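Note sheet for the following structure.
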Amino acid sequence: MRYVQEDDKVVLTDFSDFDITETLECGQCFRFDKTDEDEFVVIAVNKVIYIKQYGMERVEFYPCTVSEFENIWIKYFDLDRDYIKIKEILSEDDSIMKEAIEFASGIRILNQEPYECLISFIISQNNRIPMIKKVIENISREYGNDLRGGYYSFPAAEVLNRVSEEELMKCKTGFRAKYIKDAVEKLSSGEILIENLKDMETDELRRELLNIHGVGPKVADCTMLFSMGKGEVFPIDVWVRRVMQYFYFNDEEVSMKKIHTFADEKWGEYAGFAQQYLFHYARIKQIGKK
DNA sequence: ATCCAGGATCTCC
DNA sequence: GGAGATCATGGA
Numbered sequence: 003m004r005y006v007q008e009d010d011k012v013v014l015t016d017f018s019d020f021d022i023t024e025t026l027e028c029g030q031c032f033r034f035d036k037t038d039e040d041e042f043v044v045i046a047v048n049k050v051i052y053i054k055q056y057g058m059e060r061v062e063f064y065p066c067t068v069s070e071f072e073n074i075w076i077k078y079f080d081l082d083r084d085y086i087k088i089k090e091i092l093s094e095d096d097s098i099m100k101e102a103i104e105f106a107s108g109i110r111i112l113n114q115e116p117y118e119c120l121i122s123f124i125i126s127q128n129n130r131i132p133m134i135k136k137v138i139e140n141i142s143r144e145y146g147n148d149l150r151g152g153y154y155s156f157p158a159a160e161v162l163n164r165v166s167e168e169e170l171m172k173c174k175t176g177f178r179a180k181y182i183k184d185a186v187e188k189l190s191s192g193e194i195l196i197e198n199l200k201d202m203e204t205d206e207l208r209r210e211l212l213n214i215h216g217v218g219p220k221v222a223d224c225t226m227l228f229s230m231g232k233g234e235v236f237p238i239d240v241w242v243r244r245v246m247q248y249f250y251f252n253d254e255e256v257s258m259k260k261i262h263t264f265a266d267e268k269w270g271e272y273a274g275f276a277q278q279y280l281f282h283y284a285r286i287k288q289i290g291k292k
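In structure tokens form, the structure reads like this:
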């Protein structure tokens, strides 16, 4: 990996296993817009950044400085991880996983902000991805800070804690408004210290997140995988359930516990990565849907 | 119109 | 401890 400053851009070259379109559109994050072919704008960490990719030759990040790139975006886009090794291990003696990986081999598991990620996946329950994006956008526009260009930061827990359930509903949160309220209350009161959570052991962290009303296994697991560096966590949603049953359980109904045990034994510390390749593959190809 | 969406909760047994 | 209904909202 090599990167240099060119005007207001940081230009990345000599990289592999990174595709901005696959990474953003594989369902792990919601605050981005496509601005052109292989070009996106991402809103994160109080910043608006554009990313344009030219094949496997060149990726431009702008506006951006080398120090911002090193301090924020390398970690955010998980660019310092060896995906070649992960893909080798996951593909070994598994032609299904091999195909899912080859289908979108440029996916990186982002390291998002824990608080925004948690609220985003609370909103995601029983919802569609375009609608999830709209709701998060509504909340940000209404209560976040203006970052210019029509983009707004996601409001802090202390800010949303002062917003009534009825006001939140106007952002189209639906029945999830009371769940968001419980989360921001526990976070802003200090009952849950979100920034300390990623240092906790996975099982204990999971139990902590499950104490929030409206956070179940799936939302907790997505939060841990996509924002707390817990790469061994295997979130199971309708698509992952379908694809797992279809490919690994002879298309039979199996319990969540059974799928978790299987994933843990088969993929271990890389189960979360396996999950994301499978989820994206299944959703695009509509695997297992009747 | 009816069903369903990156689920979780509540109720009832 | 598992099955079934319910929850807002909008698109197919």
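In our numbering, the protein residues as written are 3 to 292.
The beta carbon of each residue, even a glycine, is placed where N, CA and C say it ideally should be.
As the structure is a computational prediction, the values presented were derived from the model and not from experiment.
Please go through the region 179-265 and give each complete alpha helix (DSSP H) segment of 4 or more residues, from N-terminal end onward. 179-190, 196-199, 204-212, 219-229 and 240-250
Comparing alpha-carbon positions, which option in Thr-25, Glu-101, Lys-200 and Arg-164 lies nearest Tyr-117? Lys-200
Buried versus exposed, by CB contacts within 10 Å (16 or more), Glu-139: buried
Contact check, Met-58 vs Phe-17, beta carbons under 9 Å: yes
Should Leu-162 go down as buried or exposed, given a rule of 16 or more other Cβ atoms within 10 Å for buried? Around the beta carbon of Leu-162, 16 or more other beta carbons lie within 10 angstroms, which makes this residue buried.
Give the secondary structure of Phe-123 by DSSP, where H, G and I count as helix, E and B as strand, and everything else as coil. helix
Buried or exposed, going by whether 16 or more other CB atoms sit within 10 Å of the CB of Gln-210? A quick correction: the sequence has Glu, not Gln, at residue 210. Looking at its Cβ environment, which holds 16 or more other Cβ atoms inside 10 Å, Glu-210 is buried.
Would you kindly work out how many angstroms separate the C-alpha atoms of Ile-297 and Phe-20, rounded to a whole number? The requested residue 297 is not part of the displayed model; the chain covers only 3 to 292.
Between Met-99 and Glu-197, what straight-line distance do the alpha-carbon atoms span, to the nearest angstrom? Rounded to whole angstroms, Met-99 and Glu-197 show a C-alpha spacing of 33 Å.
Which residue marks the beginning of the alpha helix (DSSP H) containing Lys-287, and which one marks its end? 273-287
Can you name the residues that DSSP bridges to Asp-148? Asp-148 pairs with Tyr-154.
Taking a contact to mean a Cβ-Cβ separation below 9 Å, would you say Phe-79 touches Cys-224 in this structure? no
Chain-order list of residues whose beta-carbon lies under 6 Å from that of Lys-297 (same chain, five-residue window excluded): Limits of the chain in this structure are 3 at one end and 292 at the other, which puts residue 297 out of reach.
Might you give, ordered along the chain, the residues of its own chain that have their beta carbon closer than 7 Å to the beta carbon of Leu-189, omitting 5 neighbours on each side? Leaving aside the five residues that flank Leu-189 on each side, the residues in its chain whose CB is nearer than 7 Å to its CB run, in chain order, Tyr-117, Ala-159 and Ile-196.
Per the DSSP calculation, Arg-60 is bridged to which residue(s)? Tyr-56
Let me confirm a value: Lys-172 is counted as buried when at least 16 other C-beta atoms fall within 10 Å, else exposed. Which label applies? exposed
Given Leu-92, which residues of its chain have a CB within under 7 Å of its CB, disregarding the five upstream and five downstream residues? Met-99, Ile-103, Trp-269, Tyr-272, Phe-275 and Ala-276
Spatially closest choice to Lys-287 from Ile-261, Ile-76 and Glu-101, by CA coordinates: Checking every option, the nearest Cα to that of Lys-287 belongs to Glu-101.
Does DSSP put Ala-159 in a helix, a strand or coil? helix
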